[in-house]
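Chains as they are written, first to last, in our numbering: chain A, 8 to 329; chain B, 122 to 645; chain C, 3 to 368. Heads up, the beta-carbon is just placed ideally off N, CA and C, and yes, glycines get one too. The model shown is predicted, which means the values in this text are computed figures rather than measured ones. Have a look at the structure below, then the notes.
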């Protein structure tokens, strides 16, 4: 494998890892606050549809992005009402919302555009276009680092950089602010938060709302940046991969970056079976690469690659005890 | 915020000598009247005890005071001013701090983080943390409340965790401190330290409410005491002018038979022999550290000790619920202590029955009907099988009906779910199931926890009757009275070890208390 | 605290949940500019308006009974098995291997063999998450989700690289030999009077009903079922009673996986006659809705499976005759799961409130 191929692979790793990263950080906020969310997939899908549809109708990707966030927030609100207000089963709520999203996105897209459940292809201002970072062209001639900067780091849609900035922002919010302290506490021992005079319900809704916003970004990125429009089931299990990455990262932001980029790399490899064959020397089935993130996650869950301890109050609705 | 509250208090402080007055507080949970027209006045700068049996409504009352529940009727006055307390935030603002029986701490946070949680200054944490560190140093100095501010809660002992709870309240400028059953998890020495802290706080002018069901603590630590019974406030008296006997009578509404009528024991051969038994918890910490003892037929061996000193692990190991090392011999034959054959089924086959410490957690499946619970642990018993494939549910229901009649379980409805019985009747179902097996050895943990007086007497009689049939009984209880009145021999546990054996006829509560604190005779 | 009468809790909660799901679906249909009454009419006519429609509805019902029972058994052991989809796909592989292994002389011989193959493969796929849960505490919800994806990748590999006959383009096995063809309802004496046209519903329906009876007997009339239910209610209590957690988790999940796998004799053997990609078509997930709707009782599961059979056949008819996309049924499925599984407290609160009006004296006296 030559350097150019490697750069191509890394470039698409970043592109493919971005939705995973956003969804993973989304899940991090929710689960750190004690609300399990296996509905990341559904929220992304909903955001992908609403953002592409609105972008197609208005011609503005920014309006589309707002619509994507709104769509995802709506799903998050239902999850919050079910699992916080009515203390329902969080896992079942997530599963349900994934089905609802899977069906309703096609229904809406079909009724709006009559193109078999797709949105029209997006172009121009209705889509996020790549940005060239400063000096990318000028530095291209610098050996090794120049092409790395030009081909891998520069030249992505803005949401890729937003996602990367979300990592330190999440870390800071979680570990260096009052909000983060309370958020982590509510996921570990909500009774401690409640007796300190803070509303557990409000904290958890805040966390679920952040999850909604970040999933909205992830979904909008899928349909308006990575691809040019919405297609049925276009998230293709990315919400679950993000969930896997979250466990792999043991619910920590920097590790989430590492895990999602690793899984993004696998996805990039799966698109280039020729490269895999060249490096490995034998023909590796594409499906093996597809399955790799899931297998790794199972290994992590089994404790073979370090122990993953979820937030202690995760999945449990909070009930005041006497 | 804290300053404002301070000003508010000073403005209204002068006229009323009472820090807290509750007037006509009532609270019902569905059909259960937990508090009925409660009136109480707590003078400022005193330690005020509230005593009552389990379920008397003490905790509900304090939860109302801390804004956890909203009272159906009544008023709360703080320093003479009517102060509605709709939530915990208001309680904190009114200067009330609460130390719950089950601590409300975040296990993987540091002491400092726990202290500032909810009382942070500003959005950035760093300023709050440095301010709290200074405040904590001052508080530790003033009140013997030393804890390492950077230690993780999960690494602290129970006593230290309790200090963190007190620090949390003091950091929030609490003037009124409520402690709910604070000594349940403490050794006598730790409890003494706590009372010293409380007296120090009192001297600084703080008001303290101490909720407990232990008469000794009331007599030792309080200035005044209010007695609650079945949701009502029976009386408030000066501690110096009352006696434990009088308080006990007020608590239960009649003279209490503290003594259980029983004949002298007639112990026979050794039935259970335990040697160097050790149990580790899930974190690999040794909780039972080499325990050896024997029980003979026809005797009750009582295990005394503060909760959490290895008694639960001892029961778990004997009952086949926990992996152990060492040796357990039943009728001269060794029983496996780990791996195959060390499970509840094998123990039952070996003639060991087990009334567990926590019936909700272990002894019953609350959603199962009473008859399903009667088979619990004995579901493999041939008499409950129709054939090789199916269970005989009809036989099981008939058996349940018979047991309910013998043990006076009310209501006598086998199909009723276990959760719908009262605590005493639930315990009777468990005791009936285990005793009716006619076991050679009965393990009993906290047989009367959360059980009404009538059922306590009944259960005690059943245990003594079993002994008189020549069976062996291992009784674990944190209630010293229960141990003293039931046991034929007493072993005291501390820190996973047996500190010594005593004869209930010749020992006294003081001697046992010292052993429970890990001291073998000398003064504290 | 006021409680609902038991019958209301058992019957009304699922029915109200269903009604809520139906109302929201109707709103969705109106929102996309269609007529909900016409949609319902199309669904009823297409799914239950003729024997032919019933032949399809019951075909779907058969699959859903299996996957619904699978979720039910695991649920009683306190385990949420979301892996039905993967287990059903592996069951399909088991069926295919058995059916292709020899030239079967008669379906009556092939059916039990294929059933064993399906159950074994399904159970094997559930065994790994079960083992990891029992021995290493790995959350079974997450591992079974992961195993769904691993299963689908594995089947792609098997169908593309291993089982695909030389020269065939689409990723699928060869057609099964004729001796494996299961009688459909229109070929069964007696029933053929009702079902005159060829329908996909086949003898597997009776296997499914037998499985429902077997699960009922297992859960409420055997020691194993007693232990499964006790363990599912309280793990610490089960340990006290000497119920081996490892054994119960493994057995419950093996039964659950086996039931999911068994559905493959309906779709793979009974209908398709060969194994194709994504053969289970989401039936494993529908099992969740069926089990929740059926209140985790075999009788409820069978009824809910018929309902979802109707929904699936009716939904397909919608896709055929109206411009409402077939995905509507996924929405309804999600709504039913949401209301019965996650918002059940809300439904119960609504009912309690309604009951407090109906019998005020009783409520006060309770």
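Asked: From residue 215 of chain C to residue 506 of chain B, what distance separates their C-alpha atoms?; Found: 20 angstroms
Asked: What residues in its chain sit with their C-beta under 8 angstroms from that of residue 3 of chain C, if we drop five residues either side in the sequence?; Found: Reliability fails at residue 3 of chain C, whose pLDDT of 39 lies under 50, so the model's placement of it is uncertain and no value is given.
Asked: Would you kindly report the start and end of the unbroken alpha helix (DSSP H) that includes residue 353 of chain B?; Found: First-last for residue 353 of chain B: 353 to 359, but that is the beta strand (DSSP E), not the alpha helix (DSSP H).
Asked: List the residues of chain C whose Cβ lies closer than 8 angstroms to the Cβ of residue 489 of chain B, in chain order.; Found: 231, 232, 235
Asked: Quick one: is residue 329 of chain A near chain B, going by C-beta distance under 9 angstroms?; Found: Legend: pLDDT at residue 329 of chain A = 45, less than 50; position of this residue unreliable, no value from coordinates given.
Asked: For residue 637 of chain B and residue 567 of chain B, I'd like the C-alpha separation in whole angstroms.; Found: 17 angstroms
Asked: Between the Cα of residue 176 of chain C and the Cα atoms of C:128, C:105, C:241, C:141, which residue gives the shortest distance?; Found: C:105
Asked: At which residues does the beta strand (DSSP E) containing residue 348 of chain B begin and terminate?; Found: 345 to 350
Asked: Can you name the residues of chain A whose CB is closer than 8 angstroms to the CB of residue 262 of chain C?; Found: In chain order: nothing, as chain A lies at least about 16 angstroms away.
Asked: For my contact list, residue 202 of chain B and residue 148 of chain B are in at a C-beta cut-off of 8 angstroms; report their separation, rounded to the angstrom.; Found: Not quite, the Cβ-Cβ distance comes to about 22 angstroms (not below 8 angstroms), so this is no contact.
Asked: Have a look at the DSSP bridge pairing and note the partners of residue 476 of chain B.; Found: B:565
Asked: DSSP three-state call for residue 535 of chain B: helix, strand or coil?; Found: coil
Asked: Taking Cβ-Cβ distances below 9 angstroms as the criterion, which residues of the stretch 203 to 225 of chain C are in contact with chain B?; Found: 219, 222, 223, 224, 225
Asked: Could you name the residues that DSSP lists as bridge partners for residue 615 of chain B?; Found: B:618
Asked: Using the beta-carbon of each residue, which ones in chain C are nearer than 8 angstroms to residue 465 of chain B?; Found: 241, 242, 243, 244, 245
Asked: Let me know if residue 83 of chain C comes out buried or exposed under the rule of 16 or more other beta-carbons within 10 Å of its beta-carbon.; Found: buried
Asked: List the residues of chain B whose Cβ lies closer than 8 angstroms to the Cβ of residue 238 of chain C, in chain order.; Found: 482, 483
Asked: Express the C-alpha separation of residue 84 of chain A and residue 49 of chain A in angstroms, rounding to a whole number.; Found: 13 angstroms
Asked: When the Cα atoms are used, what is the spatial distance from residue 348 of chain C to residue 307 of chain C?; Found: 24 angstroms
Asked: To the nearest angstrom, how far is it from the Cα of residue 367 of chain C to the Cα of residue 539 of chain B?; Found: The pLDDT assigned to residue 367 of chain C is 36, lower than 50, so where the model puts this residue is not dependable; a value taken from the coordinates is nonetheless given after this. Distance between the alpha carbons of residue 367 of chain C and residue 539 of chain B: 21 angstroms.
Asked: Scan the stretch 276 to 292 of chain A for residues whose Cβ lies nearer than 8 angstroms to a Cβ of chain C and list them as they occur along the chain.; Found: 292
Asked: Short of 8 angstroms in beta carbon distance, which residues of its chain neighbour residue 527 of chain B, apart from the five on each side in sequence? Order them along the chain.; Found: 553, 557
Asked: If you compare alpha carbons, which of C:227, C:301, C:38, C:238 is closest to residue 212 of chain C?; Found: C:301
Asked: Return yes when the Cβ of residue 202 of chain A is within less than 9 angstroms of the Cβ of residue 47 of chain A, no when it is not.; Found: no
Asked: Alpha carbon to alpha carbon, how far is residue 258 of chain A from residue 194 of chain A? Give it in angstroms, no decimals.; Found: 12 angstroms
Asked: Less than 9 angstroms separating the beta-carbons of residue 127 of chain C and residue 184 of chain C?; Found: no
Asked: At 9 angstroms on the CB atoms, spell out the chain A contacts of residue 301 of chain C, in chain order.; Found: Here the premise fails: no neighbours, minimum Cβ distance about 21 angstroms.
Asked: Is residue 511 of chain B helix, strand or coil when you go by DSSP?; Found: coil
Asked: Does residue 131 of chain B have its Cβ less than 9 angstroms from a Cβ in chain A?; Found: Low per-residue confidence applies at residue 131 of chain B: pLDDT is 48, beneath 50, and the placement is therefore not dependable, though the value from the model is reported in the following sentence. No, because no Cβ of chain A sits closer than 9 angstroms to the Cβ of residue 131 of chain B.
Asked: Note down, in chain order, each residue of its chain lying with its Cβ closer than 8 angstroms to the Cβ of residue 188 of chain B, except the 5 sequence neighbours on either side.; Found: 206, 207, 208, 209, 210, 211, 212
Asked: Starting from residue 147 of chain B, follow the alpha helix (DSSP H) in both directions and report where the run begins and ends.; Found: Not the alpha helix (DSSP H): residue 147 of chain B falls in the beta strand (DSSP E), residues 139 to 150.
Asked: How is the alpha helix (DSSP H) around residue 193 of chain C delimited, first residue to last?; Found: Note, residue 193 of chain C: premise wrong, no alpha helix (DSSP H); not H, not E.
Asked: Spell out whether any CB of chain B is found under 9 angstroms from the CB atom of residue 159 of chain C.; Found: no
Asked: Restricting to Cα atoms, I'd like to know which of B:315, B:522, B:233 is closest to residue 304 of chain B.; Found: B:315
Asked: So which residues on chain A does residue 91 of chain C lean against when the C-beta distance must stay under 8 angstroms?; Found: By Cβ distance, chain A contributes nothing, its closest Cβ being about 13 angstroms from residue 91 of chain C, past 8 angstroms.
Asked: Look up residue 490 of chain B in the DSSP assignment and give the residues it is bridged to.; Found: B:538
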